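Residue numbers (full-length UniProt numbering): 1 to 103.
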């Protein structure tokens, strides 16, 4: 069984590209198309690891990132993204809290 290292609402930093973000969802392994992987996953991270949906700070972009390329963000600063309030209701102790429990 695959165990995710990061949680929904946790702040992260991309280890290669340096952007900050907040996790909004997680998949136990890569689940987009092979075409997407070939076009977008330039560092070719393994598909058999957790992958995360991340809202990118100071943009309107959402990314899909392999766990290997993420590290915890230690700044504890809020994320500036237009969808943050769609997913989360508050920011406490360096992480976001879900608006509603997800199934």
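By construction, the Cβ of each residue, glycine as well, lies at the ideal position given by its N, Cα and C atoms. Model, not experiment: these values are computed from the prediction.
query: So what does DSSP say about residue 3, is it helix, strand or coil?
result: Residue 3 sits in coil when the DSSP states are folded into three classes, being neither helix nor strand.
query: Where DSSP assigns a beta bridge to residue 51, which residues make up the other side?
result: As computed with DSSP, residue 51 is found in a beta bridge with 27 and 66.
query: Roughly how many angstroms separate the alpha carbons of residue 23 and residue 40, rounded to a whole number?
result: Answer to the nearest angstrom: the Cα atoms are 19 Å apart.
- prompt: So, do the stretch 85 to 100 and the stretch 57 to 66 have three or more beta carbon pairs nearer to each other than 8 Å?
  reply: Contact fails: fewer than three Cβ-Cβ distances are below 8 Å.
- prompt: Given residue 16, which residues of its chain have a CB within under 8 Å of its CB, disregarding the five upstream and five downstream residues?
  reply: 43 and 69, listed in sequence order.
- request: Could you pull out every residue in the same chain whose Cβ sits closer than 8 Å to the Cβ of residue 98, ignoring the five residues on either side in sequence?
  value: The beta carbon of residue 98 sits closer than 8 Å to the beta carbons of 8, 9, 87, 88 and 89 from its chain, once the five residues preceding and following it are set aside; these are given in chain order.
message: Suppose contacts are defined by Cβ-Cβ distances below 8 Å. Is residue 46 in contact with residue 66 by that definition?
response: The answer is yes: Cβ separation under 8 Å.
field: Pairwise C-alpha distance: residue 94 and residue 50
entry: Residue 50 and residue 94 have their C-alpha atoms roughly 22 Å apart.
query: Is the distance from the Cβ of residue 18 to the Cβ of residue 56 below 8 Å?
result: The Cβ-Cβ distance between residue 18 and residue 56 does not fall below 8 Å.
query: How many Å lie between residue 33 and residue 52 at the Cα?
result: Taking the CA atoms as reference points, residue 33 sits about 15 Å from residue 52.
task: From the DSSP output, read off the bridge partner residues of residue 86.
output: For residue 86, DSSP records no beta bridge to any residue.
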